[in-house]
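Novice:
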Amino acid sequence: MIDVHQHLWPDAFVDRLRARREAPYLDGWTLHTLGEPPYDVDPSDHEVDKRVALELDAGTSLAAVSLSSPLGVEQLGDSALLDAWHAGAAALPAPFRAWASVSLPEPDLSGLATLLENFVGVQLPAHVLGTPDGWAALAPVLAIAEQADKPVLVHPGIAGQPGAAQLPGWWAPVVDYVNQLQAAWWAWHAYAGRQSFPALRLCFVAAAGLAPVHHERLTARGGRFGTIDTNLFVDTSSYGPQGIDAVARVLGIDQVVHGTDRPYAGITELRQGEAATTVIRHDNPHRLLFGTSPPRDAPGRIGFGRGAPSY
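Below is the structure:
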């Protein structure tokens with residue numbers, strides 16, 4: 039099993055967060071951010087030995103961890119904090135691997151190219167990708183990833199809801215994050231990103247906020263379908279059988295990859311049958327991360343959505 043989307047904070051990263059006096063920062067284990075209410079982190083969620091044992095028990099062969107983009111680290115200009123993430127993430131034991139991140143709005147492209155020699159790909163925050171111009175601004179980053187044959191993970195970024203302290207804790211993940219992912223999904227298509235980056239593999243977490251399910255509204259309002267994009271994926275994090283079934287009917291089951299968002303969520307049983315589950319949890323993630331199908335006899339591709347139109 040391959041999990042493309044987890045979070046695990048290395049000790050050095052935690053220490054740097056505690057050293058800060060402005061958001062984002064940790065006060066003990068209470069996390070303070072700009073766009074969300076304070077959040078009490080469970081320390082055991084970031085105990086490496088416990089997380090390794092959890093993955094081994096689950097049968098995970100690779101778990102790709104990423105920087106928590108809602109913290110806004112990419113836009114702080116705090117190079118020490120970003121360096122602490124990369125150094126700590128690179129040193130995590132198996133089965134963990136990590137996604138690289140970049141400082142915005144002026145990414146270190148040569149530094150990213152070096153990181154991608156050892157990282158599985160690069161993560162970008164969705165809140166800066168919500169327009170075609172947002173994608174265009176980060177075209178140099180996309181080019182580095184494509185040249186390195188490494189994927190891009192689109193993850194929710196900073197929540198920007200005014201009056202966040204008065205909102206329930208679920209508001210940002212359910213409203214802000216979903217809106218960001220949907221905007222980034224449609225902006226990628228409006229940008230015609232595939233024309234500029236024909237070989238680039240991308241994955242939108244949390245089923246792209248279910249953006250693909252709105253394809254009927256797309257056509258009703260003047261948009262049109264294209265063909266299946268075999269290099270465009272969505273992960274399963276935070277969704278269950280109903281949501282993933284709906285997305286797979288549009289994109290095809292081969293574009294759905296296993297991602298849990300652990301420790302904030304866990305493995306969801308999608309009730310798609312053994313063969314489909316293997317495709318989602320192993321074959322498709324392998325193709326996302328490495329560009330090829332796994333070197334073994336794969337089960338027959340099955341699924342209600344295979345060959346369905348994408349855009």
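Residues are numbered in the working numbering as their position in the sequence shown, beginning at 1, plus a constant of 38. Here a beta-carbon is modelled for each residue, glycine too, at the ideal position from N, C-alpha and C. The structure presented is a predicted model; accordingly, all values stated were derived computationally and were not measured.
1) Inspect the beta-carbon positions of L176 and L162 and report whether they are closer than 8 Å.
2) Measuring straight from C-alpha to C-alpha, what distance separates Y77 and A210?
3) Is the beta carbon of A118 less than 8 Å from the beta carbon of P170?
4) Could you tell me which residues DSSP puts in a beta bridge with F134?
5) Given a threshold of 16 other Cβ atoms within 10 Å of its Cβ, counted over all protein chains shown, does G115 qualify as buried or as exposed?
6) Between the C-alpha atoms of I318 and D214, what's the straight-line distance to the nearest angstrom?
7) Just to confirm the assignment: which complete alpha helix (DSSP H) runs, minimum length 4, are found wholly within the region 219 to 299?
8) Residue range of the beta strand (DSSP E) that I28 falls in?
9) According to DSSP, is D65 helix, strand or coil?
10) Spell out a yes or no on whether the region 93 to 111 and the region 125 to 139 are touching, meaning 3 or more CB-CB pairs, one atom from each, closer than 8 Å.
11) What did DSSP end up calling D398 once you bin it into helix, strand or coil?
12) Run through the DSSP bridge pairs and tell me what D78 is partnered with.
13) Can you tell me whether DSSP reads D171 as helix, strand or coil?
14) Under the rule that 16 or more other beta-carbon atoms within 10 Å means buried, what is P206, buried or exposed?
15) Might you give, ordered along the chain, the residues of its own chain that have their beta carbon closer than 7 Å to the beta carbon of I282, omitting 5 neighbours on each side?
16) Which partner residues does D41 have in the DSSP bridge list?
17) Does DSSP put G110 in a helix, a strand or coil?
18) At what residues does the alpha helix (DSSP H) containing R92 begin and finish?
19) Terminal residues of the continuous alpha helix (DSSP H) containing V179?
20) Beta carbon of A183, beta carbon of V158: below 8 Å?
21) Distance, Cα to Cα, L180 vs I305?
22) Indicate whether L327 and P189 have their beta-carbon atoms separated by less than 8 Å.
23) Looking only at its own chain, which residues have a Cβ that is under 7 Å from the Cβ of G329, when we skip the five neighbours before and after it?
24) Just to confirm my understanding: we take F235, look at its own chain, exclude 5 residues before and 5 after, and list those with CB closer than 6 Å. What are they?
Specialist: Taking the geometry as given:
1) yes
2) 12 Å
3) no
4) A101
5) exposed
6) 26 Å
7) 231 to 234, 253 to 258, 279 to 289
8) Since the first residue of the chain shown is 39 and the last is 349, residue 28 is not available in this structure.
9) strand
10) yes
11) Given a span of 39 to 349 for the chain in the structure shown, any question on residue 398 remains unanswerable.
12) T68
13) helix
14) exposed
15) A245, T274, V294, L308
16) A101
17) coil
18) A quick correction: the sequence has Leu, not Arg, at residue 92. Here the alpha helix (DSSP H) through L92 covers 86 to 96.
19) 177 to 186
20) no
21) 30 Å
22) yes
23) D187, R239
24) L180, E184
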